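Visitor: In the numbering used here, the protein residues as written are 795 to 1293.
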Amino acid sequence: MKTRGLILIFMLCFTVLKAEPFEFSEPFQQCYLDIHCLRFKKAGQFINSELERTPGNPALCYLENQLYFFKAFISEEDDDFETLKSGFDKRLHCIEESGGGSPWRDYARSEMMMQLALVKLKHKEYLTSGYYLRKAYKMAEENFRKHPDFAPNLKTLGFFHAVIGAVPDNYSWLANLAGMHGTIKQGSGELTSLLKIVKANPSYRFLEPEAYFLRIFIATHFEKDTTMALSLLKEMQSGLNVRGPLQVFITANTQLSAAQQPEALKTLNAFEQDPSSYPLHYLNYLKGMLKLNQMNKDCATDFKNFISGYKGNSFVKSAYHKLAWLHFINDDTASYRNAMKQVLLHGNDFTDEDKQAAKDAASAELPNKFLLKARLYFDGGDYTSSLKELAGKPSGSFSRFRDQLEYTYRLARIFDKKNQKDKAIHYYTATYENGSGHPYYFAANAALLIAVIYEDKKDNNKATEWYRKCLAMRNHEYQNSIDQKAEAGLNRLSKNSVN
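#1: Grab me the residues of residue 1195's own chain with a C-beta within less than 8 Å of its C-beta, minus the 5 sequence neighbours each way, in chain order.
#2: So residue 995 is in the alpha helix (DSSP H); what residue range does that whole segment cover?
#3: Report the rounded CA-to-CA distance for residue 1279 versus residue 891, giving the unit in angstroms.
#4: Quick one: residues in its chain with C-beta nearer than 7 Å to the C-beta of residue 806, no 5 flanking neighbours on either side, listed in chain order?
#5: Assign residue 921 to one of two classes, buried (16 or more other C-beta atoms within 10 Å of its C-beta) or exposed (fewer than that).
#6: Taking its Cβ as the centre, do 16 or more other Cβ atoms sit within 10 Å of residue 1249, making it buried, or is it exposed?
#7: For residue 952, which option in 1016, 883, 1037 has the closest C-alpha, if you only look at C-alpha atoms?
#8: Just to check my reading of the structure: residue 1118 and residue 1097 have Cβ atoms closer than 8 Å, yes? What is that Cβ distance to the nearest angstrom?
#9: Are the beta-carbon atoms belonging to residue 1172 and residue 1208 less than 8 Å from one another?
#10: Please look up how many angstroms separate the CB atoms of residue 1141 and residue 1111, rounded, as I've assumed it's under 8 Å.
#11: When DSSP labels each residue in this structure, what does residue 1036 get in the three-state scheme?
#12: Rounded C-beta distance between residue 947 and residue 901? I'm assuming under 8 Å.
#13: Look up residue 1087 in the DSSP assignment and say whether it is helix, strand or coil.
#14: Answer yes or no: do residue 1034 and residue 1072 have a C-beta to C-beta separation smaller than 8 Å?
#15: Look up residue 1176 in the DSSP assignment and say whether it is helix, strand or coil.
#16: Please go through the segment 870 to 934 and give each complete beta strand (DSSP E) segment of 3 or more residues, from N-terminal end onward.
#17: I'd like to check one pair, residue 903 with residue 933: are the Cβ atoms closer than 8 Å?
#18: Can you tell me the Cα-Cα spacing of residue 1187 and residue 1204, whole angstroms?
#19: Taking the straight line between their C-alpha atoms, what separation do you get for residue 809 and residue 847?
#20: Look at residue 1257 and residue 1245 and say whether their C-beta atoms are less than 8 Å apart.
#21: Just to confirm my understanding: we take residue 980, look at its own chain, exclude 5 residues before and 5 after, and list those with CB closer than 6 Å. What are they?
#22: Of the residues 930, 1126, 842, which one's Cα is nearest the Cα of residue 908?
#23: Note down the Cα distance separating residue 1083 from residue 936, rounded to an integer number of angstroms.
#24: Leaving aside the five residues before and after residue 804 along the sequence, list all residues of the same chain whose C-beta is less than 6 Å from its C-beta, in chain order.
#25: Where do the N-terminal and C-terminal ends of the alpha helix (DSSP H) with residue 947 fall, by residue?
#26: Classify residue 1161: buried if its beta carbon has 16 or more other beta carbons within 10 angstroms, exposed otherwise.
#27: Who are the near neighbours of residue 1285 in its chain, counting only those whose CB is closer than 7 Å to its CB and skipping five residues on each side?
#28: Determine the contact status of residue 1076 and residue 1122, defining contact as a CB-CB distance below 8 Å.
#29: Just confirm the distance between the C-beta atoms of residue 1024 and residue 1009, as a whole number of angstroms; I'd bet it's less than 8 Å.
#30: Anyone know if the C-beta pair for residue 889 and residue 818 falls short of 8 Å?
#31: Would you decide whether residue 999 is buried or exposed? Buried here means 16 or more other CB atoms lie within 10 Å of its CB.
#32: CB-CB under 8 Å to residue 1127, same chain, minus the five flanking residues each way: which ones, in chain order?
#33: I need the straight-line Cα distance from residue 988 to residue 1100, nearest angstrom please.
#34: How would you call residue 1038, buried or exposed, if buried means at least 16 neighbouring beta carbons within 10 angstroms?
#35: The alpha helix (DSSP H) that contains residue 1261, what's its start and end?
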């Protein structure tokens, strides 16, 4: 027994002595940048080469997980998901065995758990996704408590706090139950602090592209501050020397949110895919959408390139849906119906766009051409042409109730963008009053946009009232995204009242 005990002690001591410290040197930082720029082949070669020399290196285990995460999240392919999951525990153990005093250790563990949770969420593994999200959040908080000056902590916590702050009321109890708390203001503040630090500190400079991406995304989608988002975008473009697919995406996405459709299309057209980097096929989908809004038949090529190149499921139904719209506005009803059949056969309904595509395909009803063209022109920023499609057509001329609702909704949207706010509120209100209690999204989004108008006018009481009216409506189209925007609005108003 004594001999066994001595052997066990010797083995434990040997393990401790052989544990590699977590060091993130310059070559590792360059590999991290390569992964963020989707240069997966180059990053993989570096990781494999270094693992042969130092197989227990925790920084390499972290980089390997980063590589598998980005690929699985972007591709949505089952094989990539299995690769991420199958070696996850081994990579996590590799990091856990590193020196416990380094803030990199728990930062890496927290990031890995959060990333696994996000991919599990995409694959509808909700239970285990929630488990890993909670563990990641708690570990990030604890690491921040121990190492408050460790800048990368701000990236993880900033993302968590902003997303938690935008959770709709009807789901917020889940976050509270899991002990997860945060606000959009808190998250955006942490990401702003991170940006300042990484720009000033060369040892964290490799995080700069990712910090810009997250900060701009939060400004655009949660804070609804397009002025700030465009300012950050300009700053990013002048200060960064990297221009990968993710930078192109965040640029075009921000320009779209700021109603700069021509600039967004110019951004996408100017991008040339590096043959050595992993393709972000969603850029083809986005380009197709922008061309469709211009009634440009060439959009069919972009949608088909997306469908043929992308092996995942998100936005596939939507791409076929948009192809169907193109056929319909060009009076090809047979091709429209064939494309709608493909909607039912391919992709999944994870995104709101795909849900809507599946619903429209299942109904087998033809859309109203005037309303469809008005919508496309509007989405393309051509408000004059959009209004012309609706001119002289009172709502009673549309036989279907849904079309009558959409008519007043489209008018409201046009007047809103043309800065005729009183007219916009009039038509939004009519849409809300007529559409409440129905499954269409027009009434809920009308309430949301009335709230935005009042928020811009600094009438916080009315803005709050309309955000709550929006959230009170249930079981309508685009429920998740509309609720999230309304919750983010209430979050902003709460922040302003404190200030």
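The beta-carbon is built from N, C-alpha and C at its ideal position, and this holds for glycine as well. If you're wondering where the values come from, they're calculated on a predicted model, not measured in any experiment.
Guide: Well, looking at it:
#1: So the list reads 1232, once near-sequence residues are dropped.
#2: Premise fails: residue 995 is in no alpha helix (DSSP H) and is neither H nor E.
#3: 42 Å
#4: Here residue 806 scores only 37 on pLDDT, less than 50, and its place in the model should not be relied on; the value that follows carries that caveat. Hits under 7 Å: none found.
#5: exposed
#6: Classification for residue 1249: buried.
#7: That would be 1016, whose Cα lies nearest to the Cα of residue 952.
#8: Rounded, the Cβ-Cβ distance is 10 Å, inconsistent with contact.
#9: yes
#10: 4 Å
#11: coil
#12: 6 Å
#13: When DSSP states are grouped into helix, strand and coil, residue 1087 belongs to the coil group.
#14: no
#15: coil
#16: Secondary structure remark: continuous beta strand (DSSP E) runs of at least 3 residues inside the segment 870 to 934: none found.
#17: yes
#18: Rounded to the nearest angstrom, the gap between the Cα atoms of residue 1187 and residue 1204 is 12 Å.
#19: Model confidence at residue 809 stands at a pLDDT of 37, short of 50, so the residue's coordinates are unreliable; what they give is reported in the following sentence. Approximately 18 Å, taken between the alpha carbons.
#20: Yes.
#21: 955
#22: 930
#23: 43 Å
#24: In this prediction, residue 804 scores a pLDDT of 33, lower than 50, which makes its location untrustworthy; the coordinate-derived value is nonetheless stated afterwards. So no residue of the chain qualifies.
#25: 946 to 959
#26: buried
#27: 959, 960, 977, 978
#28: no
#29: So it is not a contact: roughly 13 Å between Cβ atoms.
#30: no
#31: exposed
#32: 1121, 1160
#33: 35 Å
#34: Result: buried.
#35: 1254 to 1266
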